[in-house]
Amino acid sequence: IPDLAFGCTSSSLHKLMGALQADGRRLYLGIEIWDSFVYSFGYTFLLASSLQWCIDMGHNSNSNSNSNSNRKSNGTSLLHIRMLAWVPWLTDLVENATHVY
Numbered sequence: 304i305p306d307l308a309f310g311c312t313s314s315s316l317h318k319l320m321g322a323l324q325a326d327g328r329r330l331y332l333g334i335e336i337w338d339s340f341v342y343s344f345g346y347t348f349l350l351a352s353s354l355q356w357c358i359d360m361g362h363n364s365n366s367n368s369n370s371n372s373n374r375k376s377n378g379t380s381l382l383h384i385r386m387l388a389w390v391p392w393l394t395d396l397v398e399n400a401t402h403v404y
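The numbers in the numbering used here rise by one with no breaks, and the one at position 83 of the sequence shown is 386.
Structure below.
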């Protein structure tokens with residue numbers, strides 16, 4: 304399976320897909336779609352939600368000591384951290400698209 308191998312070439316992917324034949328390729332495509340859009344999306348959403356929860360907890364604990372303008376600027380910059388969870392998901396989609404293609 305290409306996801307478990309460290310690096311693969313186009314010729315090795317062609318050999319693998321040829322060896323799988325039609326039924327194997329159909330099964331492989333189903334697994335890739337489930338992995339990319341159900342499992343990985345759910346995992347990424349959970350990670351992003353956890354990061355958001357941690358940011359909110361930290362933001363609320365500092366609310367008494369900071370002014371309103373400071374909280375807003377710090378909170379806004381920290382909110383971008385939760386978007387980091389989506390970067391591996393997007394790169395995995397690109398990788399899986401090359402395997403399926």
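Just so you know, even glycine gets a beta-carbon here, dropped at the ideal spot from N, CA and C.
Helix, strand or coil for residue i? Go by DSSP, reduced to three states.
{"i": "Asn371", "result": "Any answer about Asn371 is weak, because its pLDDT of 49 lies below 50 and its placement is not dependable; what the coordinates show is given next. If DSSP states are grouped into helix, strand and coil, Asn371 belongs with the helices."}
{"i": "Phe309", "result": "coil"}
Between the beta-carbon of residue i and the beta-carbon of residue j, is there less than 7 angstroms?
{"i": "Trp389", "j": "Ser343", "result": "no"}
Report, in whole angstroms, the separation of the C-beta atoms of residue i and residue j, which I expect to be a contact under 8 angstroms.
{"i": "Ala351", "j": "Arg385", "result": "5 angstroms"}
{"i": "Leu396", "j": "Ser339", "result": "6 angstroms"}
{"i": "Pro305", "j": "Leu316", "result": "6 angstroms"}
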